[in-house]
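To start, the structure under review is shown below, and the notes come after it.
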Amino acid sequence: MGQGMAALKIVRNSIGPTTAVAGVIVLLFDLPLFRPPDPMNSNPTTPLSYKDAGVDIDAGDALVDRIKPLAKKTMREGVLAGIGGFGALFEVPKRYKEPVLVSGTDGVGTKLKLAFEWNMHDTVGIDLVAMSVNDVLVQGAEPLFFLDYFACGKLDVDTAAAVVGGIARGCELSGCALIGGETAEMPGMYPAGEYDLAGFAVGAVEKSLILTGQDVKPGDVVLGLASAGVHSNGFSLVRKVIERADKDLPATLDGRPFREAVMAPTRLYVKPVLAALAKHPIKALAHITGGGLLENIPRVLPEGTAAHLRKGSWPQSELFAWLQKVAGIDDIEMNRTFNNGIGMVVVITAAEAAACAATLRAAGETVHEIGTIAERGAGAAVVVA
Numbered sequence: 019m020g021q022g023m024a025a026l027k028i029v030r031n032s033i034g035p036t037t038a039v040a041g042v043i044v045l046l047f048d049l050p051l052f053r054p055p056d057p058m059n060s061n062p063t064t065p066l067s068y069k070d071a072g073v074d075i076d077a078g079d080a081l082v083d084r085i086k087p088l089a090k091k092t093m094r095e096g097v098l099a100g101i102g103g104f105g106a107l108f109e110v111p112k113r114y115k116e117p118v119l120v121s122g123t124d125g126v127g128t129k130l131k132l133a134f135e136w137n138m139h140d141t142v143g144i145d146l147v148a149m150s151v152n153d154v155l156v157q158g159a160e161p162l163f164f165l166d167y168f169a170c171g172k173l174d175v176d177t178a179a180a181v182v183g184g185i186a187r188g189c190e191l192s193g194c195a196l197i198g199g200e201t202a203e204m205p206g207m208y209p210a211g212e213y214d215l216a217g218f219a220v221g222a223v224e225k226s227l228i229l230t231g232q233d234v235k236p237g238d239v240v241l242g243l244a245s246a247g248v249h250s251n252g253f254s255l256v257r258k259v260i261e262r263a264d265k266d267l268p269a270t271l272d273g274r275p276f277r278e279a280v281m282a283p284t285r286l287y288v289k290p291v292l293a294a295l296a297k298h299p300i301k302a303l304a305h306i307t308g309g310g311l312l313e314n315i316p317r318v319l320p321e322g323t324a325a326h327l328r329k330g331s332w333p334q335s336e337l338f339a340w341l342q343k344v345a346g347i348d349d350i351e352m353n354r355t356f357n358n359g360i361g362m363v364v365v366i367t368a369a370e371a372a373a374c375a376a377t378l379r380a381a382g383e384t385v386h387e388i389g390t391i392a393e394r395g396a397g398a399a400v401v402v403a
């Protein structure tokens, strides 16, 4: 049964064709099942096309034509064959002596619900790229190429092109090639006007330079790189907060219109952090995603160590202050739900911290020294005090 169709079902009484009720004979007749006419099946000899079934091949071809020039802008060393073939080909750059491939895959989550509601599709593609390449980066790897998956019930070429335009922009900003993807039009699978996204990134790192965090020691410094906003995690709560605020929404937050502030794309840390990795002995990196500071930093700390973060060592944006106030949640919940203003964490020796921060600032990052590494006792792996 197609989307938007209704079925009429007649359930016959199971007590038989005649039943005596209070001396009255009730006759129950078997009636033929009524079905509303289906224009596609009214004439069984009428040819049916894929388009009749809800899949528009011409629209798909039109989208590919619009994607190709966007993908072309992302091409880089190593691409042997990109969009158009059965598989994309990539040669690991020869400068690597013992390359280890690092992969990451992710989506954008329920942030897409606001993109549908507010008709804002041009930046969620950047989110998609950032969620994967930032994860690849924290292993010390350089992102090399990216593939995307776009799924919908009915393909709108303009909407899909806006999304893929954001994906291409994200790839440009992170120096990786958009070499392939999949557009799936599946009638009946998604509500009208909605779609889903997934992305896949692959990078490379010298085997001897893989970041594991095992060298992190008490006394090391924790640097925090500012986020661009909520990024792509915590939007189930964001949407509830917006629903609670109803019409009492602020006109602007952090100098931007409200919707732009909420939908600001996930920051891409790739190029600045790669520049810092080339100059400084960074020990660990943590991408602050779902679980916030409290659950992501421990992923790169060796056993027996903890991160002590200084409360107030980085500013809370108007956006996060508003979310916290309307939601009515405490600081601990904020720091384990959202990035709360810090999108990437760098752990480095105290002797190198200032120079590393200077390199990152020169590359365009806002950097805060937010804490130190200490021995862990019976307390939590991350303490904000």
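Going from the sequence shown to my numbering is simple: count from 1 and add 18. Where a beta carbon is used, it is the ideal one built from N, C-alpha and C, also for glycine.
| Query | Result |
| --- | --- |
| Helix, strand or coil at residue 328 according to DSSP, with G and I counted as helix | coil |
| Euclidean distance between Cα positions of residue 176 and residue 387 | 43 Å |
| Residue 187 classed as buried or exposed, judged by whether at least 16 other C-beta atoms fall within 10 angstroms | buried |
| Identity of the residue in 272, 153, 262, 163 nearest residue 248 by Cα | 272 |
| Where residue 27 falls: helix, strand or coil (DSSP) | Below a pLDDT of 50, predicted positions are generally treated as unreliable, and residue 27, at 34, falls in that range; no measurement from the model is reported. |
| Under the three-state DSSP convention, the category residue 374 falls into | helix |
| Per-residue DSSP class, three states only, for residue 386 | strand |
| Contact under 8 Å by Cβ, residue 133 with residue 283 | no |
| Beta-carbon spacing of residue 285, residue 339 below 8 Å | no |
| Helix, strand or coil at residue 101 [DSSP, three-state] | coil |
| N- and C-terminal bounds of the alpha helix (DSSP H) containing residue 75 | 75-90 |
| Validate contact between the region 234-241 and the region 388-396 using beta carbons, cut 8 Å, 3 pairs | yes |
| Inter-residue spacing [alpha-carbon to alpha-carbon] between residue 328 and residue 357 | 15 Å |
| Proximity of residue 161 and residue 219 at Cβ, strictly below 8 Å | yes |
| For residue 224, the first and last residue of its enclosing beta strand (DSSP E) | 213-224 |
| In DSSP terms, what residue 167 is bridged to | 200, 216 |
| Any 3 or more C-beta pairs closer than 8 Å across the region 370-387 and the region 252-259 | no |
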